[in-house]
Amino acid sequence: MQLFKDKKPSVVAGLVAALTFGGALVATPSVALAQGAETDGAIVEQTSESGAETPETDATVTTAALSVKDDSAGTVVQPSSSSAVDDVTSDVVDVVVDDDATDVIPSGDASAPSQGGADADAGTTPVIDEDAASETVDRSDEISSETDGAKTAPEPGSDIEPEVAEEPSDPEADEVVEGDDAVGGDDAVVSETAESSDAVDSAAELQGDAELAAEDEADAEAVHVNTWVSDGKGSYVWYGSDGAIQSGWLVTDVAVDNSKGGLQRYWLSDAGSAVMGLFEAAIDGVTSWFFGTQDGYVARGAYTDSETGYVYLADNEGRLADTGWVCTDAYGHGFQRYWVDEEAHACIPGVSEDGWAHYTTEKGYVLRGNAVTSDGAMRSANNDGLLQKSGWLVTSAFGQGLQRYWVDDYEVAKDRLITSDEAGWNAYATSEGYVVRGGSIASDGTMRYADNDGRLQESGWLVTSAFGQGLQRYWLEAFQVVKDRFISAAQAGWEAYATDKGYVLRGSLKYGDGVLLANNDGALESGTGWIVTDAYGNGIQRYYLSRSKDGSYSYATTGYFQADLGSYRDAWFYGDTSRGYVVRGKTKVSGGLVLSNNEGILVETLLGSSEGFRTTDLFDSTNQVYYLDRVNGHLIARTGVFSVGSKKYFGRPNEGYIVRGKTTYGGGMIIAASDGALYFQDVNGFVVTAEVDGELQRYYIVDLGDGVRGAKLGLFTVGNDQYYGREDQGYVVRGQYTTPDGMLIQGDGDGKITYSFLTRAGWAAWDKVKNFSGGMYSLTQYLLTVDTTNNRVVVFQGTYIPSLGWYGNWTPLYDWSCSTGNKIYHGGDGTPTGIYRIGGNADYNWNESGNYTPGGYRTTYWAINDVTYFTGFLLNLGFHSTVGYQGGYSDANQLGKHITHGCIRLAEDCAKWIYYNALPGTKVYVF
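Numbering (this note's numbering) for the sequence shown: 8 to 934.
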């Protein structure tokens, strides 16, 4: 909508139209009365402050005496009145309102609308917020019904939705109105009474700064309509539909942040602000207590104040419940009992003795039954909410199973001793609340024991498995299990030691510089001197007891010590540091072995204190050489590799004596001279020497562990070549050598093994062929051997011998895994043993009829058995692939077993090789 930009003649025309408008008012009785207009000699007012009821008149009183067209609704509401309008034309200033406009420019006189009813105002009319005014009218019947002394609201059907007139941003800027938005058109025109009748004396006076300022001030006051305004200090003031501050009761769905929500009730102070906190007010003449929430509206239902935690109980109109006991199901928690405090008019969470001792929960109702309350305390109350103040309580209501509790000062005692003066017997309340029954270990490790009623054992011996440590013996003092200290005979009847686990020692325990010894009752060995016993789980052993410096206990002496034994005076002994008995035989210590005889007497007493090589049979069944070295003042047998002068020696770690000659060790062989001096300690790899054996031999030297080097034994590979270290000598095989398990090894002059692909079974087959009586010959260049024991097939290749017309001088070509006949077939052989020829005695039929035809000996596929590359040598027996499995014919799971009916199964490639290369006449040797 455009407004006038300057005071052109059209303004004068507007003034003329205003005069015409006055005449129209006389002719039209349905004109709403503005606030303050006279009606039959009475002044009709709408105010939230006076509380006076609006008198009944023939005119409908609205929040603004305006005729307003609502663009959104498309209707014009015409207020009706029979009142006189004597001064209408002399005291009216029009304000043009547009939804989208930001400037409001007053005209000099009221302009008559071009069509429809006329707008009129008497007195000062505020600019109305469309939405707020509409809401106020919509809810006025509810406000009126619940407010003492409130003014009469408009009747249903008379709602007015005026549009908001905003303050002009520039009173000097008049814009030309065009089209439908022109003054007097369909847009709503709100008239506002000027400060004086002089406002319309002339167009020039309307342009005056004073008049414009007055109009701006009026607009500023009228902008708050049916809305809340914050004072910036936490208070909110309500401006009613007339733009004035309202007091008293207000029911609205406008929240204090001016958002729309559900209907709420507010109590407005004389200053118009929503009252917060506890207050008294009246509804329908009845005074009650109310609580204004932090959001301004009064509490309804059960409301918890976030600042205090108090729970306020109110009906739907906000009246707080009467003080004292309240039993009701009105607050969403089922039927409950509430205590309303006399001063707070609220339910105060916590313990109170008002009414009777009770505990108010955070939801307002009192505790009934047993529960853990929000403060972490455990409490018990009867069905009326009466709290148990003290005494025993046995219940499972706390979710801990059936337990016994001690109640003190309205809550279950925790983590403290309950004395017999309080409860009739001594008990201990755990951190979980229930009292100790049986064995209990607290979080700090304290151990207590009580009977099933919770009676604590104060002191004395206790034998029990209640602590989860098996059946053990404990000593108690001051209601607790003693830990990690000695118990005197005066206290307990015998000396004992309570371990850090609580139970007393039984058996042996390293303690300080010695080892404590106790029998099955926990009684410590006492006194001094030798004892020989098997009581401590170590078999029969010798112990030497010493007394502590303070004389409070005895212990088995450990480490090196001197004592008399038999004919020996001040003999040296060594007590095992963890078990206490004196060592006998050979005992590992740092750097070597302690040597002692069966009585525990050390080598330095038996052989003297000199160091060096010593030969003796005191510690072994035969003479052995030891090297004794002084460590920490005492002699030990050196172990591992050590040097004496320029030579190196090796003391066996578990035996102590030094290695001499050739000795197997760590998967290899240590090579040493007769005096123990080691060979090859600086060699890695092959060494050829005659120093050890008197003739040249080749050794392969490696690390054998424990710092010693020696010859590698058995079959091993270096690069692409295989070698074999002899188990009896250490050097590698050259020529032929039969291993301890019967394998024939053949090496060249450097020790490289020929035919390294051969297995032990392959070597054995070759040995059988070479040693076969009368020789082994074939009509072809190939010979096939079948080892039915080890399930191996070896293919040999020979040379032609013209003088014989046969092939011989066999060398191995292949060594394959196979499967042979199950021993239930062929008289227990599985596969018949003997000497055969390929195709020599074969009758086969390669179809599925089962009838055999003489002469056929091979086929690429035998359908009956689902095998490939069959080559026969005896009846229907021969070489072929494994039975078809998942589309293949080389199933490794079928090899190396006795599973056939007599045939020899091979991987398909092996069977294929025989099919194409082992022609008729090829010798087959089955053994």
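Where a beta carbon is used, it is the ideal one built from N, C-alpha and C, also for glycine.
Pick from the options: whose alpha carbon is nearest that of residue i?
{"i": "Val801", "options": "Thr818, Ile808, Leu786 and Trp813", "result": "Thr818"}
{"i": "Leu786", "options": "Glu429, Gly846, Gln729 and Asp391", "result": "Gly846"}
{"i": "Asp794", "options": "Ile752, Arg912, Val890 and Asp873", "result": "Arg912"}
{"i": "Lys556", "options": "Gly519, Trp537 and Val358", "result": "Gly519"}
{"i": "Ile842", "options": "His365, Phe779 and Tyr896", "result": "Phe779"}
{"i": "Tyr372", "options": "Thr506, Asp348 and Ser397", "result": "Asp348"}
{"i": "Gln253", "options": "Asn265, Asp757, Asp451 and Val244", "result": "Val244"}
{"i": "Asp451", "options": "Asp689, Asn459, Arg444 and Ser438", "result": "Ser438"}
{"i": "Ala420", "options": "Glu915, Trp399, Lys719 and Ser824", "result": "Trp399"}
{"i": "Asn265", "options": "Asp291, Gly303, Phe298 and Val890", "result": "Gly303"}
Mind checking residue i: buried by the 16 CB within 10 Å criterion, or exposed?
{"i": "Tyr656", "result": "buried"}
{"i": "Arg637", "result": "exposed"}
{"i": "Ala563", "result": "buried"}
{"i": "Glu170", "result": "At Glu170, the pLDDT of 37 sits below 50, so the modelled position is not reliable and the matter cannot be decided from this model."}
{"i": "Asp105", "result": "Note that Asp105 has pLDDT 38, beneath the 50 cutoff, so the model's placement of it is unreliable and no number is given."}
{"i": "Val699", "result": "buried"}
{"i": "Asp416", "result": "exposed"}
Give the secondary structure of residue i by DSSP, where H, G and I count as helix, E and B as strand, and everything else as coil.
{"i": "Cys917", "result": "helix"}
{"i": "Glu429", "result": "helix"}
{"i": "Val651", "result": "strand"}
{"i": "Asp774", "result": "helix"}
{"i": "Thr402", "result": "strand"}
{"i": "His231", "result": "coil"}
{"i": "Asn900", "result": "helix"}
{"i": "Val740", "result": "coil"}
{"i": "Ala351", "result": "coil"}
{"i": "Pro927", "result": "coil"}
{"i": "Glu611", "result": "helix"}
{"i": "Glu56", "result": "With a pLDDT of only 35 at Glu56, under 50, the local geometry of the prediction cannot be trusted, and no value is derived from it."}
{"i": "Pro922", "result": "In the sequence under discussion, the amino acid at residue 922 is Tyr, which differs from the Pro named in the question. Reduced to three states, the DSSP call for Tyr922 is helix."}
{"i": "Arg659", "result": "coil"}
{"i": "Ala697", "result": "coil"}
{"i": "Thr271", "result": "Residue identity differs from the one stated: residue 271 is Gln in this sequence, not Thr. Strand at Gln271."}
{"i": "His365", "result": "strand"}
{"i": "His2", "result": "There is no way to answer for residue 2, as the model of the chain reaches only from 8 to 934."}
{"i": "Gly509", "result": "coil"}
{"i": "His340", "result": "coil"}
{"i": "Gly834", "result": "helix"}
{"i": "Ala768", "result": "helix"}
List the endpoints of the continuous beta strand (DSSP E) containing residue i.
{"i": "Ala436", "result": "Ala434 to Ala436"}
{"i": "Gln729", "result": "Asp728 to Gly732"}
{"i": "Leu635", "result": "Gln631 to Val638"}
{"i": "Ala503", "result": "Ala503 to Ala505"}
Less than 7 angstroms between C-beta atoms, sequence neighbours within five positions excluded: which residues of the same chain meet that for residue i?
{"i": "Tyr892", "result": "Asp898"}
{"i": "Val379", "result": "Met385 and Phe405"}
{"i": "His231", "result": "Tyr246 and Gly250"}
{"i": "Gly712", "result": "Gly673"}
{"i": "Gly440", "result": "Met385, Phe405, Tyr412, Val419 and Lys421"}
Start and end of the alpha helix (DSSP H) containing residue i?
{"i": "Glu484", "result": "Premise fails: Glu484 lies in the beta strand (DSSP E), Gln479 to Glu484, not in any alpha helix (DSSP H)."}
{"i": "Gln548", "result": "Unbroken run through Gln548 is the beta strand (DSSP E), Gln548 to Arg554; no alpha helix (DSSP H)."}
{"i": "Gln498", "result": "Ala496 to Ala499"}
What does a CB cutoff of less than 6 angstroms around residue i pick up in its chain, not counting 5 residues either side in sequence?
{"i": "Gln631", "result": "Tyr664"}
{"i": "Thr806", "result": "Asn816"}
{"i": "Ser403", "result": "Leu409"}
{"i": "Leu642", "result": "Val610, Glu611 and Leu635"}
{"i": "Leu524", "result": "Ser515, Glu532, Tyr543 and Ala563"}
{"i": "Arg645", "result": "Gly599, Tyr634, Asp636 and Gly658"}
{"i": "Pro927", "result": "Ile845 and Gly846"}
{"i": "Gly909", "result": "Gly828, Tyr832, His833, Thr838 and Leu884"}
{"i": "Leu765", "result": "Pro819 and Asp822"}
{"i": "Ala262", "result": "Gly268"}
I'd like the list of long-range same chain contacts for residue i, defined as Cβ closer than 8 angstroms, with 5 residues on each side in sequence excluded.
{"i": "Gln487", "result": "Thr453, Met454 and Arg455"}
{"i": "Thr535", "result": "Leu552, Ser553, Arg554 and Ser561"}
{"i": "Gly749", "result": "Arg767 and Ala771"}
{"i": "Leu703", "result": "Val695, Thr696 and Ala697"}
Kindly examine the ligand SAH and report whether one of its heavy atoms sits closer than 7 angstroms to the Cβ of residue i.
{"i": "Ala388", "result": "As for the ligand SAH, it is missing from this structure, which has no ligand bound."}
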